[in-house]
Structures are given as structure tokens and as C-alpha cells.
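To start, the structure itself, in C-alpha cells.
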Amino acid sequence: MQGLFFESDTGARYALRFVVLLIGFWTAWRTGRAVADGWGNPPLVIAYTFLLGVMMRFLHFSLFQGPFLSIGFYLLDVAILLVFAFAGFRHRRTEQMSQNYYWLYEKSSPFSWRSKT
1 MQGLFFESDT GARYALRFVV LLIGFWTAWR TGRAVADGWG NPPLVIAYTF LLGVMMRFLH
61 FSLFQGPFLS IGFYLLDVAI LLVFAFAGFR HRRTEQMSQN YYWLYEKSSP FSWRSKT
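Under full-length UniProt numbering, the first residue of the sequence shown is numbered 1, with each subsequent residue one higher.
Right under this line is the structure:
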């Protein structure tokens with residue numbers, strides 16, 4: 001089984017890996033924001049992130065000859081993507097609550113809100 005980095009990797013392959021990771025992280029962030037835009041619940045973010053994990057496994061398989069049917073790598077991809085997806089979800093939900101209900105809530109951080117006193 002091949003690992004994350006291979007002996008024949010060159011600088012271009014490292015750059016391509018970085019671009020693929022950025023695409024995955026950005027897609028997860030936008031997925032979380034899209035669910036929040038539709039006023040969806042966090043379980044929907046989890047479901048979409050499991051699908052994104054399959055997409056990331058396919059990219060690693062097709063571009064870098066990594067293992068496609070590896071539960072360990074799949075769960076690792078999903079765990080990392082979940083962090084970005086939930087961050088996007090909470091960021092957008094905080095904007096929604098502080099903008100749509102401005103008389104009730106204000107931002108306390110980029111990822112949370114509090115009641116106005």
C-alpha cells in the first residue's frame with residue numbers, strides 16, 4: 001500500500017497535491033456555507049462531507065495512484081473535511097443570526113453570536 005508521499009515525487013507533484021488539498025478544503029467550506037444558507041441542520045453537513053470524502057479519495061487515486069478503497073484514508077479525509085465544513089457552516093450561521101435578527105443577536109466572534117443586552 002502506498003503512503004501519502006512517494007519516492008518519485010517531484011516539486012510539481014507536491015504543488016499539485018497542495019492544489020488538490022486547497023480544492024478539497026475550499027469545497028468543504030463552501031458546502032458548510034451552502035447548508036447554512038438553506039437553513040439546514042448540521043447532520044446535512046455531515047452527509048455532504050461523506051460524499052466529499054469519496055471525491056477526495058478519487059482525486060488521490062486518479063492523480064497520485066493512491067489507494068481508493070482504503071477506509072483509513074477515507075476516514076482521515078472525512079475528518080479533515082468536516083473541520084472545514086463545520087467552520088464554514090458556523091461562520092455563515094453567525095452572519096445570518098447577527099444580520100437577520102440584528103435586534104436580538106450580535107457577533108461575539110466569527111463563529112458565534114450572543115444575545116444583545
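Cβ coordinates follow ideal geometry from the N, Cα and C atoms, glycine included.
In DSSP terms, what residue 101 is bridged to: Under DSSP, no beta-bridge partner is assigned to residue 101.
At least 3 beta-carbon pairs within less than 8 Å: the segment 86–96 vs the segment 62–76: No, the segment 86–96 is not in contact with the segment 62–76.
Beta bridge counterpart(s) of residue 114 as assigned by DSSP: Residue pairing by DSSP places residue 114 opposite 106 in a beta bridge.
The segment 40–60 touching the segment 68–86, judged by at least three CB pairs closer than 8 Å: Pairwise C-beta distances place the segment 40–60 in contact with the segment 68–86, as three or more of them are shorter than 8 Å.
Where residue 86 falls, given that 16 or more other Cβ within 10 Å makes a residue buried: By the neighbour-count rule (16 or more Cβ atoms within 10 Å), residue 86 is buried.
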